[in-house]
Every structure is written in structure tokens, then in C-alpha cells.
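Residue numbers (my numbering): 6 to 287.
The C-beta atom is built at its ideal place from N, Cα and C for all residues, glycine as well.
Below is one structure; the comments refer to it alone.
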Amino acid sequence: MRLALCVSSASALYAGVRRPPPALARYAAATMASWAEASAATDDATESIKANLASVTARVAAAAEKKGSTLSLIAVSKLKPLSAVAAAHAAGHRDFGENYVQELAEKGAASADVEGLRWHFIGSLQSNKVRQLCGVPNLACVHTVERAKIANALDRVWGELRPDAAPLAVFVQVNTSGEDSKGGCAPADAPALCETVQACERLTLTGLMCIGKYSGAEGDASPDFKVLAGCRDAAAAKLGVDVSTLGLSMGMSHDFEQAIDYDATHVRVGSTIFGARPPKGA
Numbered sequence: 006m007r008l009a010l011c012v013s014s015a016s017a018l019y020a021g022v023r024r025p026p027p028a029l030a031r032y033a034a035a036t037m038a039s040w041a042e043a044s045a046a047t048d049d050a051t052e053s054i055k056a057n058l059a060s061v062t063a064r065v066a067a068a069a070e071k072k073g074s075t076l077s078l079i080a081v082s083k084l085k086p087l088s089a090v091a092a093a094h095a096a097g098h099r100d101f102g103e104n105y106v107q108e109l110a111e112k113g114a115a116s117a118d119v120e121g122l123r124w125h126f127i128g129s130l131q132s133n134k135v136r137q138l139c140g141v142p143n144l145a146c147v148h149t150v151e152r153a154k155i156a157n158a159l160d161r162v163w164g165e166l167r168p169d170a171a172p173l174a175v176f177v178q179v180n181t182s183g184e185d186s187k188g189g190c191a192p193a194d195a196p197a198l199c200e201t202v203q204a205c206e207r208l209t210l211t212g213l214m215c216i217g218k219y220s221g222a223e224g225d226a227s228p229d230f231k232v233l234a235g236c237r238d239a240a241a242a243k244l245g246v247d248v249s250t251l252g253l254s255m256g257m258s259h260d261f262e263q264a265i266d267y268d269a270t271h272v273r274v275g276s277t278i279f280g281a282r283p284p285k286g287a
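Structure below.
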């Protein structure tokens, strides 16, 4: 079994973004630093991150071994400082993610020369941010393509900015619960959107993604996982490919082991690794 470890970081600078969330603004000065400065930081927080990562890694590995699958762990560190990402990187992780384009652009610039580092974008993406996103050094994957307009924009801009680069890996995001608060295309539209992505010369369809229930109190996320797996099967049939060629990005801190049981190939774990974040809008 291969376990690929991805670390997601979201810095807190929101220059140029209209009305940033207060929590992000509050963390702005603290989160940005040079990679050298961030790597030199040593405190209880960085040691805790390393210990938490080791624990989560072991849990993911055990679940993957039981399932007989290949897993990628994305550790989500939005509202956490660059030193948190550097600590995880020092522990051997190379795949990092971000929720906000501006933050990813700044973190990407700060780490442009870090050997082997790859960035994943896992947040909502607007078309007016596509060019900025595609300009991020070492961008490896976008997990949140929810409509054809975004797919076509990524395809065009990636080709313009990175004509010699490999195609950009993307996931199609599906709103499996039908909630207005969550992004993604309707499940019935997922196969057609996957077909659109497959037709894009500068994109590679990696799989499908969803955001399940945020917590146990909100409800059981397994229905979301089942819906996404069904969307994958339908997309594979429409594209004429084996279902094993399409990944599933699903599962978070409270349910990633359950998501693995439902065939997740990429899980996104944040607070269990990096600690609790301030409430949204705080």
C-alpha cells in the first residue's frame, strides 16, 4: 500500500479580497513568514503537529490496509501559520493544500524553491481567480471544479501560463447533500461535467470530490459518500473507463476512516492534526 501525505495550509493574508473573514484578517500578520523563518520555528505547537500527524498517518494507514487501497492524506491547516506547514514538511510531507486563492498564492511564493513541494487547492474557486491560482508555483491539483466554466478557464489559463507543464490534475466537486451552503454540481450533472474535463487538453480528471457532514452533530456523512461513489460509477460508465481510474476526495477529521470504508482515495484532515481553528467569522 502507498500512503501519500498531503498537507493543507491556509495563510491569513487577504490583500485584495473584498471583506475578508475577520478571523483571517486577525491572523494576517502572524501567519506569513519566509520559509526559512517558518522552518526554524520550534515550539510546543510544532512538536504537537508532528505527533498528531504521526497518529493520523497511522490511522489512515491502518484503514487503508484493511480496505486494501491507496490513500492520500491532505492535512488542512487554514488559519494556521506557515510554521505549521513547515513542521509537517519537515516530518516528510510534500503535498500541501489551501482553501483560499490569495493565501495559496502567498504561501506558494514563500515556498517556491522548496524541493518536492506540491500544492492542492481545496476551496471554492471563482472564475476571476483562475489566473492567479494557475500562477501559483508548484500547483499540482484543484479539487473543486464544480462547473464547466471553471474547467474551461483552468484549461485555457493553464495552457497559457504553463505551456510546457504536465496537464493540471482536477477533481469534479459534487454537492452530494443538496445543501445551499456547500459547493458542487448536482449529482445528476457529474458525469457530463467529468466528460467536459476529460475533453480539456490541459487538464487531467483525477476523480470526484464532496464535502460531507461537517460533524457528528450535523449528521452521518455516509449518505454523501455513497452518493459520490455512485457519481463516480456513473462518470466512469459515461467516459468508458474503469472506476478504479477515478479517485474520491472525501472525509474529514471526524469521519475519514468511515470515508475510507466507502472507497475514499483522498481524505482531508485538519483540526485533528493542527488543532482547533477559531469559529468562522470570529
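Under the criterion of beta carbons closer than 8 Å, Glu200 and Leu244 qualify as touching, at roughly 6 Å. In this model, Trp40 and Ala91 are separated by some 7 Å (Cα to Cα). With respect to Asp100, Ser77 sits close: the two C-beta atoms are nearer than 8 Å. Ala43 places its beta carbon less than 8 Å from that of Ser88. Sequence-distant partners of Asn157 (beyond 5 residues in either direction) whose C-beta falls short of 8 Å from its own C-beta, in its chain, are Thr201, Cys205. Thr277 is a Cβ neighbour of Asn57, given a cutoff of 8 Å. The alpha carbon of His259 has as its nearest neighbour, out of Tyr219, Lys85, Ala45, the alpha carbon of Tyr219. DSSP, reduced to helix, strand and coil, places Leu109 within a helical segment of the structure shown. With respect to the C-alpha of Val61, the residue from Glu262, Asp268, Ala269, Asp266 having the closest C-alpha is Glu262. Non-local C-beta neighbours of Ala46 in its own chain, meaning closer than 6 Å and more than five positions away in sequence, comprise Ser88, ordered along the chain. Scanning the region 96-143 for uninterrupted alpha helix (DSSP H) segments of 4 residues or longer gives 106-115, 135-139, listed from N- to C-terminal end. Within the same chain, Gln178, Gly188, Gly189, Cys190 come within 7 Å of Glu151 by CB-CB distance, once the 5 residues on both sides are set aside.
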